[in-house]
Amino acid sequence: MYATLACCLLLAAQGSLAASVALVPAAAQVQPGGNLDLVLQIDATDVGSMTDLVQGQLLIEFDPALASFLGFMPAAGVTTGGAPLIGTAPGGQRSVTLSLFNAPSSGPMGILAFAIDAAAGGSIAFGLRDADEFFGSFVLQTPTNQPFFPAFSGANVQVVPLPGAAWLLLSALALAGRLQSGRRNS
5 MYATLACCLL LAAQGSLAAS VALVPAAAQV QPGGNLDLVL QIDATDVGSM
55 TDLVQGQLLI EFDPALASFL GFMPAAGVTT GGAPLIGTAP GGQRSVTLSL
105 FNAPSSGPMG ILAFAIDAAA GGSIAFGLRD ADEFFGSFVL QTPTNQPFFP
155 AFSGANVQVV PLPGAAWLLL SALALAGRLQ SGRRNS
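Numbering (my numbering), first residue to last: 5 to 190.
Structure follows, in structure tokens:
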């Protein structure tokens, strides 16, 4: 009996499988009025093999005063369960729900596009989680629809002003325009 208990404790003490899903910004800094692409990455190779396909539902949350959702482009071979569902999350957050099928067990699942509405000097947080936090929605489709529970990582992006060189160029052009219009009036 003690041997069985010891074996069970040893098995339980082994590390659980550490699959992960993350939002990876194409740029860590963006400018007000610009666009941002977030790559949706998965690594579930420790759950299955490199050739296994994955399905799952994701929920992305963000502040609608800081960013606007433009769309989702699935990676090659990945299919969606329809258009992304736009909703409201607690705390006034905006939510985007994606249903993905035939995603690779490792690599990009697609790209989320956002317009940046935030002012310079701030940051935008993008949350990421399973759309079904109770039962979980992620499964390895092949070979046996094995469920798994990945860890999720959102993204934070800094909103920065235009570079100093751009400000100098715009100021010089404005000054040249004023000087030119002053010469016409005299």
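Virtual Cβ for every residue (Gly too), placed ideally from N, Cα, C. Computed from a predicted structure; not experimentally measured.
Exercise for review: Determine the direct distance from the alpha carbon of P165 to that of Q18, and round the result to whole angstroms.
Suggested key: Low confidence applies to Q18: its pLDDT is 39, below 50, so where it sits in the model is not reliable, and the reading given next is rough at best. Roughly 48 Å separates the two Cα atoms.
Point to revise | Cβ-based burial, I90 [other Cβ within 10 Å; buried from 16] | key: Exposed: under 16 other Cβ atoms inside 10 Å.
Point to revise | When F73, S141 and Q162 are compared against F153, the one with the closest alpha-carbon | key: Of F73, S141 and Q162, the residue nearest in Cα terms is S141.
Exercise for review: Kindly list the residues whose CB is nearer than 6 Å to the CB of A23, restricted to its own chain and excluding five residues on each side of it in sequence; keep chain order.
Suggested key: Within the same chain, and ignoring the five residues on either side of A23 in sequence, the residues whose Cβ sits closer than 6 Å to its Cβ are A48, V51, F152 and P154.
Exercise for review: Report the rounded CA-to-CA distance for G126 versus V163, giving the unit in angstroms.
Suggested key: Their backbone Cα atoms lie some 5 Å apart in a straight line.
Practice item. Count the other C-beta atoms from every protein chain shown that fall within 10 angstroms of the C-beta of S204, then say buried if there are 16 or more, exposed otherwise. Key: No answer is possible for residue 204: it lies beyond the span of the chain, which begins at 5 and ends at 190.
Review point. Helix, strand or coil for G111 per DSSP?
Key: Residue state, collapsed to three classes: strand.
Exercise for review: Evaluate F66 with the Cβ neighbour count: other Cβ atoms within 10 Å of its Cβ, from every protein chain shown; 16 or more gives buried, anything less gives exposed.
Suggested key: F66 counts as buried, since no fewer than 16 other beta carbons sit within 10 angstroms of its beta carbon.
Practice item. Report the rounded CA-to-CA distance for D41 versus G81, giving the unit in angstroms. Key: When rounded, the separation of the alpha-carbon atoms in D41 and G81 is 19 Å.
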